[in-house]
Structures are given as C-alpha cells and as structure tokens.
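Residue numbers (the working numbering): 26 to 122.
We put the CB at the ideal spot given by N, CA and C, even for glycine.
For reference, the structure is listed below as structure tokens.
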Amino acid sequence: MTTPDPAPEQRVTIRRSPRLSAFVVVFGFLGFVGTLILTALYEADPSVGFGTLFAYFSLYGITGSIAVGIVLWLILDLRSKRKVTEAVMAREEGRED
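So, in structure tokens, the structure goes:
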C-alpha cells in the first residue's frame with residue numbers, strides 16, 4: 026500500500042503567541058521580591074519570626090502575582106489570535122549527495 030504524495034503547496038497560518046512559562050516565572054519572581062520587600066517593611070512579631078511570616082505571606086503574594094501574569098498572558102494570547110498571517114508553504118524535493 027503506497028501513501029499518496031502530499032500537495033506541493035499548502036496554506037498555513039502563522040501567529041506569534043507569548044510563552045506561558047515566561048509569564049509564570051517572571052511574575053512568580055516579582056511576587057517573591059514584592060512579598061519580601063513588604064514583609065521587611067514592618068517589624069515581625071518575635072514569637073512568630075520573620076521567616077515564618079514571610080513564608081505565610083508568600084503563599085498569597087506569589088500566587089496572586091502569578092494569577093495576574095496568567096490573566097495578562099491570556100489577554101496577549103487573544104490579541105495574537107487576531108493578528109494571524111496566512112502563508113503558502115511549498116514543498117521542495119531534497120538533494121541526494
């Protein structure tokens with residue numbers, strides 16, 4: 026059984042979409058730094074300690090900033106779907122050396 030030859034030309038759509046992983050990493054780091062700064066601005070309770078207080082607030086700071094980053098990514102991804110470019114892809118036969 027032989028497979029049919031593919032068409033020599035084919036229409037394809039091209040769009041530039043942002044990477045989700047980049048948004049999660051950058052906004053997670055910004056949430057970490059922001060939480061660290063905000064926790065360091067105020068004096069920590071001696072019975073709790075700075076580390077425990079920072080870890081507790083990091084749960085909200087990092088998670089919240091990652092959520093903001095994902096929402097921003099969704100908005101940019103929707104924008105990129107509107108700017109789709111169509112192109113014609115041509116198949117070339119390979120050379121045999």
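Per DSSP, the bridge partner or partners of residue i
{"i": "A112", "result": "V37"}
Nearest-angstrom beta carbon gap, residue j and residue i [assumed within contact, 8 Å]
{"i": "G53", "j": "S90", "result": "7 Å"}
{"i": "F48", "j": "I95", "result": "7 Å"}
{"i": "V113", "j": "E34", "result": "6 Å"}
Nearest residue (CA-CA) to residue i, options the options
{"i": "V51", "options": "K108, R40, I100 and T88", "result": "T88"}
{"i": "A92", "options": "Q35, V37, L45 and R40", "result": "L45"}
{"i": "L63", "options": "V49, S105 and F79", "result": "F79"}
{"i": "Y81", "options": "I100, K108 and T60", "result": "T60"}
{"i": "T38", "options": "K106, L99, L101 and G119", "result": "K106"}
Segment limits, alpha helix (DSSP H) that includes residue i
{"i": "Y81", "result": "F75 to R107"}
{"i": "G119", "result": "Counting along the chain, G119 falls outside any alpha helix (DSSP H), and DSSP gives it neither H nor E."}
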